[in-house]
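Student: Just so it is clear: in the sequence shown, position 83 is 82 by numbering that gives the first Met the number 0, and no numbers are missing.
To start, I am sharing the structure in question, which I have written as structure tokens.
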Amino acid sequence: MSEYNDDREKWLQDPEVRAAYDELEPEYSIIRQTLAARAEQNLTQAELAARIGTSQSCIARVESGNANLTIAFLKRIAAGLGKKITITFS
0 MSEYNDDREK
10 WLQDPEVRAA
20 YDELEPEYSI
30 IRQTLAARAE
40 QNLTQAELAA
50 RIGTSQSCIA
60 RVESGNANLT
70 IAFLKRIAAG
80 LGKKITITFS
């Protein structure tokens, strides 16, 4: 993983790559937080999906960044994980 981190830091020195990376940060943050909360509770994708009334493949799409999420769906995910969402503009 260290080699990846070294390469990533080198790539992020390019202003165009940095801008694209920064633009995707909110999506990556949702992915990281969903994965972390699910792992913290030892839940599978299928178990989380059952809690919120959706399919395992839907959770997989969320975690891979291939879902177009609504605030309402984010609230369902958060509730299924015993969390709440907080949205800020910075």
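Don't be surprised by glycine CBs; every beta carbon is placed ideally from N, CA and C.
Out of curiosity, what's the CA-to-CA distance linking glutamate 2 and leucine 68?
Tutor: Taking the first residue of the sequence shown as 1, we reach residue 2 at position 3. Taking the first residue of the sequence shown as 1, we reach residue 68 at position 69. Their Cα atoms are separated by approximately 32 Å.
Student: Cutting at 8 Å between CB atoms, please list the residues of its own chain near isoleucine 51, excluding the five before and the five after it.
Tutor: One-based indexing of the sequence shown puts residue 51 at position 52. Within the same chain, isoleucine 51 has close Cβ partners Arg75, Ile76, Ala78, Gly79.
Student: How about the segment 21–33 and the segment 52–64: do they share at least three Cβ pairs that are nearer than 8 Å?
Tutor: yes
Student: Can you name the start and end residues of the alpha helix (DSSP H) that aspartate 5 belongs to?
Tutor: As a working note, residue 5 is residue 6 in the sequence shown. Run containing aspartate 5: 1–10, per the alpha helix (DSSP H) assignment.
Student: Assuming the contact rule is C-beta atoms closer than 8 Å, glutamine 44 and glutamine 55 should be a hit. Round their C-beta distance to whole Å, please.
Tutor: Reading the sequence shown from its first residue, position 45 is the one you call residue 44. Reading the sequence shown from its first residue, position 56 is the one you call residue 55. Yes, they are in contact, since the Cβ atoms of glutamine 44 and glutamine 55 sit about 5 Å apart, within 8 Å.
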